[in-house]
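Worksheet for the structure shown next.
Chains as they are written, first to last, in this note's numbering: chain A, 1 to 630; chain B, 631 to 1534.
This is the structure in structure tokens:
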């Protein structure tokens, strides 16, 4: 759907438009006649476009094209189950659909009124491969959804992101109307301060205080920036908001603009998010056409406009000063702070910079009050947080929970536990510069303070679950390598210090570790934390330092015993075939990619170690438990 | 305010950084990326400190002080971070002090030494990536780039982009692959680099070094001497690096750099063009022509011969049969000596120098209208203007360091720029408005602009009423210059002219800068007057950021004029026709005023025209008219008619080859002396090397001749000459060598020893009283294209070369950069002639013909050609027109008609 809205001239008129939209939704398209299909990036990747076309074809075939609408929504959350579809007023939840399934859903459910149970959600948390999966057909009964609290994602999956009227129907732009209809900058600030919202981009700086700095910087020209340069591997919180509910960000920025006295904003989106850019661009145009952006918004005299600026793929441009440099057309390198952007930012003007998720919270806070928002979360960390679940977890996808929810609740109750029934080893939180949390802290509430105490950070919301097969030294190496690749190179500690750490850790995983390596890693790591220019550099050693802290024994095994306990580090792993158990079935030899296995049919096989690349294929395929790894 | 560093309180001022305070108070905080001329960079993290209330360690170069700030630079964390930085830097690359050019002058070495790091405790693994395998870049003529020594401090990048404004260097790639690149990562020689060497000067380590000095001396073996650059009129101060009497390299003077005219920057000529002083081609013995050939002889014989001949001519034909060519390359002292020789010893006013060929029209035009012929303001004021009009100056080539200052003013300070020039110069490319006028149409467009300004009410009539005269006649003369007429004469559309007039007249403080594109015309004086008119009409004279500013072309051309190396004035512009002045000088010299010449003498150009006729002998000091003068074929013939030609030079120039006597003299690097730059700043140069055996200083030779011609009291030391000249020259009266050194030069007038000098002329009133608005009549150039010679031809300077090439073409680097002459030809003209870039062409005018190489470029307009005049073998001046301005006698170098043919 691609509707637009004519220019709305006043706050009163906005209310009328909203009422009309709500009524229209209630009358003409009753929920029984609505099929919601997720068009988030994840579901598109697993084929939701084809499913959507198949649904449309099927509806056409049954001459239901006019009566049943297929609504493309933003991300519903359980990406691993995509493409997903919700049908009807009671929200039957279909998963992993293929185009062929469309006909069944239309015939049996839409026409026949009977849920197609074999296609609906299943509860896999039991984990044993043999036990039958239990279908849970209705969304309201699904644990994954039941345990979430959606403020940021309030509209995601429920509305067509291309429809401004659907957004307005769900109280969209009502907060902006409320702010412009009599609230002062101080009033807004007071609500923001009451809410206790902290920046969701990673730093966790109190948003209200940031706004206050920008308000107090005296300059007739100020800017509002939205950081949508989400770059953490596996993180897609901001992308999902922009794809699923772009107007919430626009509204949040407009409120910010009013509050600090800015009339121009920029959204800095990474170019790898074409769909987010497309939907945001349309939303900006629609908002302009509706008089919700541009000159004299809602006839109140307040003017504010937005433009999109695209990033070019540098992770460091998510750092606020580098982002500003990039918008200015300079090389994306961080700058020294102070002066902070709120004092001297874009083109040396006071600049308010928050990320997508932070802005998306703002309309909800202003509409419902700061106290309401503060009722979620913990003593010091308020509201909700969106996490992208990835790794060895059953339901990888997007979830939103009150801050302070424990790792165990997210991983087991919502995420359905560890994939394949394996044992949990660690959760990596906070993106590449976050930290690894071991099993004994599974009941730690996820809030800013508790994570800092464990040597991790909230970060932007990436949560990677790792099982027993994970080598923590290798994990640290992986993230360090990422940080080295993404270091801009401006300051010495980050450019060369990370390289030095990587040299050491590569040595450790390759069997060249020496006594003292751990101490040197710690020494340089702490030096980088203290002396690097920007947040990227200062946090880059975290994966190493936190794994040393919580998994020191694994480092020691690598260094002292030249042994990788998880059998991951190829140079420290050796495979062998037990001649007594080997039946000579030749399967391992056939599968070996480097022809490292010799032996005749029905005779015992052996591995030529010179050729072996320790890929583990022989172990995986052997049916007689004859292959072992050390 | 007060701040505390390591528990000691220090006074601090707003805007200072922690590093500033530490340096002021002798606290050592190392800094590898910060440099006084490139500012903070936040890259090296070597200067980090703990600052109470701030998270982590902060770089002290970037943190501005606040009252009560508490800083610690001595905690274990700070020292550990510092050590980590140095270890990391040393562990990456190939830092080998033994072979490094920076050894002893290396800031990384110094830091490691201070921290007690003998060698890094580890070496980072070799980078196998494409970017990691970098060869030393030795492609360029003057600079070696070695990435393995580079610490990526970024100073060179800032200096290139923001000081000299060449915008070549940048940081390329990312993270550990980061390297300093030229343009889009080209070898330096293939990039847009102009080899100014600024990057080398700011490099804290040996990553950038001078190829010319490689292996020739370590820092402690090289002596530094401060001299004034011998090239253009900017007058850059240079610290010459000297070892074993050889000039190894040149650095812009960093000491009190903000007060130095060039702020420690140099151009390619100042940087690499000074090795000519060590050239094996230097003349080291006097020569006399015997049997048609110049043969070496003794000083006594040569001096006696010359003096005898001069006396003979004077006796036979009178003192007016002798003439002296003084030199814009020699010091004030030497020019003064030559002036005294001519007027006080020979008794003639036939003295002139090459200012005749460049700015005689300026001197005449501005003296008439304002009362002083010099630049009214100072170069560092460029960024204080609101709008700048540049016409007839390819500033980034002819006055490169000043060109960079203009570029900075425009690109970084928001100054508006109007360029009116037939060529698309570098500054035209960054200008707000660039207009290409037809060659020689300047009076038309300048007066046309003024007509618009009057009509639109943009004129500053209060200023005009209070400070100027001549309005009625002036206003009447403007009527001719309607936009339509101007368009017909100049090719400038009325709209463009209107836009330029509006921007200049209404844009705030307006400065006019011009050079030889304005002066070298048969109507050069009118052009200059038209510029002065424009400035007066818009009320732009007498304050910072305004003014009418002729950019002088040679290191001491202003000084040579000041010293009276002109046919009409003594030093200090005291007229030879004034009896009082003659009496004053006669008294100073101890001669009878009755023996002095009372008439204005002959000019360089008229002396040449009168050779063999009224003029029988010419004494040339440090000039090369056989390349610099117009219509060389004619000049050669004329000089051949002389009874006596004395040439005094450091090289066997084209003119020296025709001489009867040749005196070998000393270069700038070998002498103490004062030089006056374009902005009237008198600066003292040190002697950096000892002169080659067999040579004498110019002033010594002049004094020797004077003595032989019967003058017993002729001063023969620099001190004596300076003492005498300042006594007789009111505008130099307050200057001493000590003051010049201490105050980084003084701008005249400086009437007494307490006077601070005068950066801006005409502040409350004009030197002549009221400024004179001139009514001007348009006159076309002496020769315009026709069917036979269809192209507009113009001449001028290149970035890499200078004047007659006698210096720059004997510099290894400059000669390698541009070894031969060329003609700029527009691509469309090249196409119709069937000429490709680099092919040989023949250029012919009514006066001669040369063969040269085509440089196909749209820098020149269609139908126009431009020929640099530095190359004797393809001398542009064999083609130029020797038609003269009736007042200034300046030739029309900038316009003549030519034809171009492809050589098959």
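The beta-carbon is built from N, C-alpha and C at its ideal position, and this holds for glycine as well.
Taking Cβ-Cβ distances shorter than 8 Å, what residues in chain A pair up with residue 1146 of chain B?
Those within 8 Å of residue 1146 of chain B in chain A number zero; the least Cβ separation is about 37 Å.
Have a look at residue 1524 of chain B and residue 1258 of chain B and give me their C-alpha separation to the nearest angstrom.
Across the structure, residue 1524 of chain B and residue 1258 of chain B are spaced so that their CA atoms are roughly 13 Å apart.
Of all the alpha helix (DSSP H) runs that stay within the bounds of the stretch 47-80 of chain A, which reach a length of 4 or more residues?
The stretch 47-80 of chain A contains these whole alpha helix (DSSP H) runs: 48-61.
Listed by chain order, chain B residues near residue 633 of chain A by CB distance under 7 Å:
Residue 633 of chain A lies beyond the stretch modelled for chain A, which goes from 1 to 630, so this question has no answer here.
Going residue by residue through the stretch 945-980 of chain B, where are the continuous beta strand (DSSP E) segments of at least 3 residues, counting only ones entirely within it?
At a cut-off of 3 residues, the continuous stretches assigned as beta strand (DSSP E) that sit fully inside the stretch 945-980 of chain B are 952-955.
For residue 1532 of chain B, does the three-state DSSP call read helix, strand or coil?
In the three-state reduction of the DSSP assignment, residue 1532 of chain B falls in the strand class.
Determine contact between the stretch 673-680 of chain B and the stretch 707-717 of chain B, defined as no fewer than three beta-carbon pairs at a distance below 8 Å.
The stretch 673-680 of chain B vs the stretch 707-717 of chain B: in contact.
Would residue 38 of chain A count as contacting chain B if we go by Cβ distances under 9 Å?
Taking 9 Å as the CB threshold, residue 38 of chain A stays off the interface with chain B.
Just to confirm, is the Cβ distance from residue 365 of chain A to residue 406 of chain A under 9 Å?
No, the Cβ-Cβ distance between residue 365 of chain A and residue 406 of chain A is not below 9 Å.
What does residue 499 of chain A touch in chain B if you count any residue whose Cβ is under 7 Å from its own?
Per Cβ cutoff of 7 Å: 754 and 806.
Could you say which of A/176, A/51, A/59 and A/282 lies nearest to residue 298 of chain A if we only look at CA atoms?
The shortest C-alpha separation from residue 298 of chain A is found at A/176.
Below 9 Å between beta carbons is the criterion; list the residues of the stretch 519-533 of chain A that meet it against any residue of chain B, in chain order.
With the criterion set as a beta carbon lying under 9 Å from some beta carbon of chain B, the members of the stretch 519-533 of chain A are 520, 523, 524, 526, 527, 528, 529, 530, 531, 532 and 533, in sequence order.
Residues of the stretch 301-320 of chain A whose Cβ lies closer than 9 Å to any Cβ of chain B, in chain order:
If the cut-off is 9 Å between Cβ atoms, the stretch 301-320 of chain A has 314 and 316 near chain B.
Contact list for the stretch 484-498 of chain A against chain B, Cβ threshold 9 Å:
Residues of the stretch 484-498 of chain A with a C-beta less than 9 Å from any C-beta of chain B: 484, 485, 486, 487, 488, 489, 490, 491, 492, 493, 494, 495, 496, 497 and 498, listed in chain order.
Under DSSP, the alpha helix (DSSP H) around residue 829 of chain B begins and ends at which residues?
It spans 828-832 - the alpha helix (DSSP H) in which residue 829 of chain B sits, taken as one unbroken run.
Where does the unbroken beta strand (DSSP E) through residue 385 of chain A begin, and where does it stop?
It spans 384-391 - the beta strand (DSSP E) in which residue 385 of chain A sits, taken as one unbroken run.
Using the rule of at least 16 other Cβ atoms within 10 Å of the residue's Cβ for burial, across every protein chain shown, is residue 30 of chain A buried or exposed?
Because residue 30 of chain A sits at a pLDDT of 48, beneath the cut-off of 50, its placement in the model cannot be relied upon, and the point is left open.
As assigned by DSSP and simplified to three states, the class of residue 522 of chain A:
Helix at residue 522 of chain A.
Any beta strand (DSSP E) of 3 or more consecutive residues that is wholly inside the stretch 85-156 of chain A
Taking only runs of at least 3 residues, the beta strand (DSSP E) segments lying wholly in the stretch 85-156 of chain A are 85-87 and 92-94.
When the cut-off is 9 Å and only beta carbons count, does residue 336 of chain A lie next to chain B?
Answer yes: the Cβ-Cβ gap between residue 336 of chain A and chain B drops below 9 Å somewhere.
Quick one: what does DSSP say residue 982 of chain B is sitting in, helix, strand or coil?
In the structure shown, residue 982 of chain B falls within a strand segment according to DSSP collapsed to helix, strand and coil.
Taking buried to mean at least 16 other C-beta atoms within 10 Å of its own C-beta, is residue 357 of chain A buried or exposed?
The residue is buried, with at least 16 neighbouring Cβ atoms inside 10 Å.
Residue 1461 of chain B burial status per 10 Å Cβ neighbour count (16 or more: buried)
Residue 1461 of chain B should be labelled exposed.
Could you please give me the residues that DSSP links to residue 304 of chain A through a beta bridge?
DSSP lists A/294 as partners of residue 304 of chain A.
Residue 1243 of chain B versus residue 1447 of chain B - alpha carbon distance
Roughly 43 Å separates the two Cα atoms.
Go to residue 1178 of chain B, then tell me how far its beta strand (DSSP E) extends in each direction, as first and last residue.
Unbroken beta strand (DSSP E) run through residue 1178 of chain B: 1178-1180.
Are residue 459 of chain A and residue 232 of chain A touching if we call contact CB-CB under 9 Å?
Contact check for residue 459 of chain A against residue 232 of chain A passes: the beta carbons are separated by less than 9 Å.
Give the straight-line distance between the Cα atoms of residue 361 of chain A and residue 99 of chain A, rounded to the nearest whole angstrom.
Cα to Cα, residue 361 of chain A sits roughly 36 Å from residue 99 of chain A.
For residue 939 of chain B and residue 1521 of chain B, I'd like the C-alpha separation in whole angstroms.
When rounded, the separation of the alpha-carbon atoms in residue 939 of chain B and residue 1521 of chain B is 31 Å.
Short of 7 Å in beta carbon distance, which residues of its chain neighbour residue 194 of chain A, apart from the five on each side in sequence? Order them along the chain.
Scanning its chain for C-beta atoms nearer than 7 Å, with the 5 sequence neighbours on each side dropped, one finds around residue 194 of chain A the residues 370, 371 and 374, in chain order.
Does the CB of residue 123 of chain A have a neighbour CB from chain B at under 9 Å?
The beta carbon of residue 123 of chain A does not come within 9 Å of any beta carbon belonging to chain B, so the residue lies off that interface.
To the nearest angstrom, report how far apart residue 94 of chain A and residue 161 of chain A are at their CA atoms.
Taking the straight line from one Cα to the other gives about 21 Å.
Start-end ranges of the alpha helix (DSSP H) lying completely within the stretch 1104-1189 of chain B, minimum 4 residues
Here the runs fully enclosed are 1113-1120, 1124-1136, 1146-1149 and 1154-1167.
Cβ closer than 7 Å: which chain A residues qualify as neighbours of residue 710 of chain B?
Around residue 710 of chain B, the beta-carbon contacts reaching into chain A at under 7 Å are 527.
For a cutoff of 9 Å on Cβ pairs, would you count residue 686 of chain B as touching chain A?
Residue-level contact by beta carbon holds for residue 686 of chain B and chain A, with a gap shorter than 9 Å.
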